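**Q**
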Amino acid sequence: MRSNVTQYDLIAPTSLDAVLQILADSPDHYTPIAGGTELMVALGAGNLQPRKLISLWNLEELRFIEDATDAIIIGAGATFTDIRNHPTIAERLPLLTQAASWTGSIANQNRATIGGNIVNASPAADTPPALLVYDAELTLVSSHGERTLPYRDFHLSYKKTALAPGELLHSITILCNFGNYKTYIRKVGTRNAQAISKVALAGLARLNNTIMPKFVTDIRIGAASLREIPTRLHATEQTLLHQPITPETIAAARAALINESKPIDDIRSTAKYRTAAAANLLEEFLRSL
Ligand SMILES: Cc1cc2nc3c(=O)[nH]c(=O)nc-3n(C[C@H](O)[C@H](O)[C@H](O)COP(=O)(O)OP(=O)(O)OC[C@H]3O[C@@H](n4cnc5c(N)ncnc54)[C@H](O)[C@@H]3O)c2cc1C
Numbered sequence: 004m005r006s007n008v009t010q011y012d013l014i015a016p017t018s019l020d021a022v023l024q025i026l027a028d029s030p031d032h033y034t035p036i037a038g039g040t041e042l043m044v045a046l047g048a049g050n051l052q053p054r055k056l057i058s059l060w061n062l063e064e065l066r067f068i069e070d071a072t073d074a075i076i077i078g079a080g081a082t083f084t085d086i087r088n089h090p091t092i093a094e095r096l097p098l099l100t101q102a103a104s105w106t107g108s109i110a111n112q113n114r115a116t117i118g119g120n121i122v123n124a125s126p127a128a129d130t131p132p133a134l135l136v137y138d139a140e141l142t143l144v145s146s147h148g149e150r151t152l153p154y155r156d157f158h159l160s161y162k163k164t165a166l167a168p169g170e171l172l173h174s175i176t177i178l179c180n181f182g183n184y185k186t187y188i189r190k191v192g193t194r195n196a197q198a199i200s201k202v203a204l205a206g207l208a209r210l211n212n213t214i215m216p217k218f219v220t221d222i223r224i225g226a227a228s229l230r231e232i233p234t235r236l237h238a239t240e241q242t243l244l245h246q247p248i249t250p251e252t253i254a255a256a257r258a259a260l261i262n263e264s265k266p267i268d269d270i271r272s273t274a275k276y277r278t279a280a281a282a283n284l285l286e287e288f289l290r291s292l
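When the sequence shown is numbered by the working numbering, its final residue is 292 and no position is left out of the sequence of numbers.
1) Quick one: grab the DSSP three-state call for LYS217.
2) Measure how close the beta-carbons of ARG66 and ALA81 come, nearest whole angstrom, since I'm counting them as under 8 angstroms.
3) Taking a contact to mean a Cβ-Cβ separation below 8 angstroms, would you say SER58 touches LEU26 in this structure?
4) Can you name, in chain order, every residue of its own chain whose Cβ lies under 7 angstroms from the Cβ of PRO35, other than the five neighbours on each side?
5) Between which two residues does the alpha helix (DSSP H) containing SER104 stretch?
6) Just the C-alpha distance for VAL8 and GLY119, rounded to the nearest angstrom, thanks.
7) Tell me which same chain residues have a C-beta within less than 8 angstroms of the C-beta of ASN61, skipping the five on either side of it?
8) Would you please state the rounded distance, in angstroms, between the beta carbons of ALA207 and LYS217? I believe it to be under 8 angstroms.
9) Hey, quick one: how far does the alpha helix (DSSP H) through TYR187 stretch, first residue to last?
10) Between GLY107, LYS275 and ASP138, which has its C-alpha nearest GLY225's C-alpha?
11) Buried or exposed: where does TYR33 fall if 16 or more other Cβ atoms within 10 Å of its Cβ makes it buried?
12) Find out if the Cβ-Cβ distance for the pair PRO126, ALA227 is shorter than 8 angstroms.
13) Say the cut is 7 angstroms; is the CB of ASN111 nearer than that to a heavy atom of ligand 1?
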């Protein structure tokens with residue numbers, strides 16, 4: 004049954020400092036809401052637990068994309084539309100442009116923020132595999148100041164994150180040093196739009212280009228829906244590092260992926276399908292190299 008909105012309280016301070024002060028004064032009382040595309044689904048379904056919401060929507064301190072010389076810094080309040088339309092992200096971080104462009108629908112992308120996607124901490128979310136292979140760094144902010152954290156350390160267990168009470172995700176920094184990497188990203192869902200992934204894989208690989216035969220000098224594979232948190236497939240990566248791409252190394256990598264995957268059965272898919280599809284995506288990536 005739909006929630007009764009009169010039982011909810013929403014405040015919308017006009018600055019980040021004001022939001023942080025309110026969170027500092029009563030860290031357990033207010034839940035941040037950005038685009039609301041996760042929280043409003045819960046409201047519609049009648050199971051939005053927090054009764055007091057504090058809006059981050061359109062705070063200019065959070066909604067920005069900074070194109071620095073060697074990095075791109077994306078404010079947590081940037082929407083997927085902001086990201087997919089950004090020319091430097093498209094050129095230098097194409098996996099992120101692709102992930103942003105297949106999240107939900109256009110209407111959803113106009114509201115949904117990258118910060119909400121990260122903090123909501125769904126193992127099936129679209130941006131985490133790309134953020135993992137790009138080795139993104141998060142800046143977290145509270146009334147006590149800022150701290151940075153590698154994104155790989157943000158998800159602790161299912162839906163549990165390293166955010167402290169009263170702390171917000173401020174921005175995501177990604178170094179742009181992937182010019183000589185091959186890229187791969189693919190999401191498997193029920194249909195092309197409005198579908199949460201059954202499984203998704205993002206990949207970056209660099210091959211030597213001087214010595215023959217070519218072999219892998221760096222490889223990163225990020226996955227959605229293969230574990231309880233978004234994850235890098237380190238054991239799979241290890242089978243490929245310093246190896247040429249051959250039928251034998253592809254077979255070994257497939258076996259490693261199957262071995263290190265721990266997907267679940269749920270309403271969107273089965274563990275068996277997820278593992279098999281992910282192994283096929285991996286093979287598609289490796290053959291493209
Ligand atoms: C129709 C529909 C289709 C969708 N399709 C997809 C899809 O294909 N792929 C996908 O990944 N997701 C999908 N989603 C989920 C959702 O749109 C995304 O996860 C989105 O990025 C959430 O962002 P938001 O700003 O709307 O988050 P909100 O709903 O505002 O917040 C989500 C969570 O993050 C917290 N939060 C938000 N910002 C911050 C911050 N800066 N600091 C600390 N905490 C914060 C909130 O407290 C809340 O717990 C879909 C949702 C809908 C309704």
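Ideal Cβ placement from N, Cα and C applies to all residues, glycine included. Quick caveat, the model's predicted, so the values are computed rather than measured.
**A** Taking the definition as stated:
1) Against the sequence shown, residue 217 aligns to sequence position 214. Reduced to three states, the DSSP call for LYS217 is coil.
2) Taking the sequence shown and counting its residues from 1, the one referred to as residue 66 is at position 63. Taking the sequence shown and counting its residues from 1, the one referred to as residue 81 is at position 78. Between ALA81 and ARG66 the Cβ distance is about 6 angstroms, and since that is below 8 angstroms, they are a contact.
3) Position 55 of the sequence shown, counting from 1, holds the residue named residue 58. Position 23 of the sequence shown, counting from 1, holds the residue named residue 26. Going by C-beta atoms, SER58 is not nearer than 8 angstroms to LEU26.
4) Locating residue 35 in the sequence shown gives position 32, where the first residue counts as 1. Cβ contact annotation for PRO35 (same chain, cutoff 7 angstroms, sequence separation greater than five): ILE57, LEU59 and LEU171, in chain order.
5) Start at 1 with the first residue of the sequence shown, and residue 104 comes out as number 101. Its alpha helix (DSSP H) spans residues 97-104.
6) Counting from one through the sequence shown, the residue named residue 8 turns up at place 5. Counting from one through the sequence shown, the residue named residue 119 turns up at place 116. For VAL8 and GLY119, the distance between alpha carbons rounds to 21 angstroms.
7) For the purposes of this step, residue 61 is identified with residue 58 of the sequence shown, where counting begins at 1. Excluding positions up to five away in sequence, the list reads GLY80.
8) Numbered from 1 along the sequence shown, position 204 holds the residue referred to as residue 207. Numbered from 1 along the sequence shown, position 214 holds the residue referred to as residue 217. First, the amino acid is wrong: residue 207 is Leu here, not Ala. Actually they are not in contact, since the Cβ atoms of LEU207 and LYS217 sit about 16 angstroms apart, beyond 8 angstroms.
9) In the sequence shown, counting from the first residue as 1, residue 187 sits at position 184. Segment 185-191 is the beta strand (DSSP E) holding TYR187; no alpha helix (DSSP H) there.
10) By one-based count along the sequence shown, residue 225 stands at place 222. With distances taken between Cα atoms, GLY225 lies closest to ASP138.
11) Taking the first residue of the sequence shown as 1, we reach residue 33 at position 30. Buried.
12) Your numbering for residue 126 matches position 123 in the sequence shown. Your numbering for residue 227 matches position 224 in the sequence shown. Result yes, Cβ atoms of PRO126 and ALA227 sit closer than 8 angstroms.
13) Counting from 1 along the sequence shown, the entry for residue 111 is found at position 108. Checking the Cβ of ASN111 against ligand 1 gives yes.
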